[in-house]
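Under mature numbering (1 follows the signal peptide of the UniProt record, and there is no 0), the residues of the sequence shown are numbered -35 to -1, 1 to 263, in order. Ideal Cβ positions, reconstructed from N, Cα and C, are used throughout, including at glycine. For reference, the structure is listed below as C-alpha cells.
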Amino acid sequence: MSLRLPSVRSFITSILVGPALVASLTLGSAGTAWAADCASRFLDGTQPRVSLPAPQGRYVLLCNLDFAVLVSGTTHEPVWVAEHLTRQDVRAARHQVRQGVFHEETRQPPGDRAHLEDYRRSGFDRGHMMPSGDAPTEVSQQQTFSLSNMVPQTPDLNRGLWAGVEKQVRDLAKSEGEIYVVTGPAYRTAHAATIGPDALPVPTSTWKAVYLPARRQAGVYVCKNLTEPRCTQVPVAALIRVTGVDPFPTLPDRIKAGMAQLPEPKAEPYHVSPRLQRLTRRILSRFLKELLSSGSPL
C-alpha cells in the first residue's frame, strides 16, 4: 500500500501549491552569487518571475556553468532551477560518468542553506531539479550535486517516474535542437511534512516546465511526490496561477494557456528496498495524521 493524500477540489491545485505556503514565503531583492552568465539560461534572457509577498525574503540567485537557481533561505530549497538544454549538451552529457558528491551550498549563509544531515535516515532521496544527466562537463555535473539543487523526493518518484521525465526532456532537446527548462517544487499546504534539523519542507509534487522554441509551444510535467507517484501535464498558465512561478515571463498568454504534447514519461528501472519504502510511508503517514488532527485545511 502507498500513502494517498485526500483529494481536493481541483486536481491541478492538489498537485501544485496552496496559497497558505505562498503567503509564508517572502520575496526580497535576490542577491546573486557566482556571477556567471545566468541570462543565457533563461528564455529571452529573462529569469522566471516569482509573484510572492516581499517584505523580508532571503532569496539568492546562484549562477552555475549550465543552470541557474533561485534558492530560498526560508525553505533552504530551490524555488526554481533554469537551464537552456541543447542537442550538443545532451550528446556531451552522455559521455560523463556519474561521479558527483553531494555537498552543502557554501554560497548561502549557514543558516539559510540545507545541510547533509537533513537527509540522513529521512526516508527521502536528495532529488535533483537540474539532473546530473543534463550536465555536459565534469565540473557542471558536480555543481548539480549541491543541496541548493535538491528537494526531498520519495525514492519511488526520484528513481522511477521523475527519472523518466528527465529522460524524455533530454530526448526532446535532441530532437528539437534546443529547449528551455525550468524545474521546481510545489507544496499543497502551509503545513508541509518536514525532514531534518533544518525542517526542510517535503514537496507535495515537483514540476518541470518545458518550452519548445521551434514549435512555439510549452507545457509542464507535474509529478506527485508519493510512494506510488503519478505524473500529469498542465499548461504553463495553470502553474503560474497556482504556484505564483512564471517560468517563461516573455511568452504570450496564448502560448502559456496552450498545451504542448509532451511525451509521456516511463518509470526508469530501479529498486527501492522494502525497508526504505516503509520508512518513507511512516514519515508521510505521521504527517498526515498530525495534519488531520490539527484541523488544518488540506
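Endpoints, beta strand (DSSP E) assigned at residue i
i: Gly184; result: Gln182 to Lys189
i: Glu48; result: Pro43 to Thr51
i: Gln118; result: Met115 to Gln118
i: Cys28; result: Tyr24 to Cys28
i: Val34; result: Ala33 to Ser37
Neighbourhood of residue i by C-beta, 6 Å cutoff - its chain only, sequence neighbours within 5 removed
i: Arg243; result: none
i: Met95; result: Phe32, Val46, Glu48, Thr109 and Asn114
i: Met224; result: Gly184 and Pro200
Alpha carbon of residue i to alpha carbon of residue j, nearest angstrom
i: Arg124; j: Ala232; result: 8 Å
i: Pro228; j: Pro194; result: 17 Å
i: Ser87; j: Thr159; result: 9 Å
i: Val34; j: Pro43; result: 6 Å
i: Val207; j: Glu70; result: 28 Å
i: Phe32; j: Glu143; result: 14 Å
i: Asp211; j: Ile205; result: 5 Å
i: Ala4; j: Arg78; result: 24 Å
i: Asp54; j: Gly38; result: 30 Å
i: Pro74; j: His68; result: 14 Å
i: Lys139; j: Arg52; result: 4 Å
i: Cys188; j: Val147; result: 14 Å
i: Cys28; j: Asn190; result: 27 Å
i: Arg181; j: Ile220; result: 7 Å
i: Asp136; j: Pro234; result: 17 Å
i: Pro120; j: Val134; result: 20 Å
Residue i and residue j closer than 7 Å at C-beta
i: Thr169; j: Arg153; result: yes
i: Arg63; j: Ser113; result: no
i: Pro230; j: Gly129; result: yes
i: Tyr145; j: Tyr186; result: no
i: Pro166; j: Ala157; result: yes
i: Arg14; j: Pro214; result: yes
i: Asp90; j: Asp163; result: no
i: Glu141; j: Ala179; result: yes
Own chain partners of residue i with C-beta closer than 7 Å, once the 5 adjacent residues on each side are dropped
i: Ala222; result: Pro200 and Ala202
i: Val104; result: Leu30
i: Gln106; result: Gln61, Gly65, Ser97 and Ala100
i: Thr11; result: Pro214 and Thr215
i: Arg6; result: Phe32, Ala33, Ala47, Glu48 and His49
Which of helix, strand or coil DSSP assigns to residue i
i: Lys173; result: strand
i: Asp211; result: strand
i: Ala19; result: With a pLDDT of 42 at Ala19, under the threshold of 50, the predicted position of this residue should be treated as unreliable, though the coordinate-derived value follows. Three-state DSSP puts Ala19 in coil, outside helix and strand.
i: Ala79; result: coil
i: Ala232; result: coil
i: Pro200; result: coil
i: Gln133; result: helix
i: Ser97; result: helix
i: Leu165; result: strand
i: Arg56; result: helix
i: Ser111; result: strand
i: Arg6; result: helix
Residue i - containing alpha helix (DSSP H), residue span
i: Asp90; result: Taken as a continuous stretch (DSSP letters only), Asp90 belongs to no alpha helix (DSSP H), being part of the beta strand (DSSP E) at Asp90 to His93.
i: Thr148; result: Looking at the DSSP string, Thr148 is not in any alpha helix (DSSP H); the run it does join, the beta strand (DSSP E), is Glu143 to Ala151.
i: Val104; result: Glu103 to Gln108
i: Ala222; result: Asp218 to Ala222
Any chain C beta carbon closer than 7 Å to residue i
i: Gln61; result: Looking at the structure shown, chain C is missing, and only one protein chain is on hand.
Own chain partners of residue i with C-beta closer than 8 Å, once the 5 adjacent residues on each side are dropped
i: Gly92; result: Met115, Val116, Pro117, Gln118, Leu122, Asn123, Trp127 and Thr171
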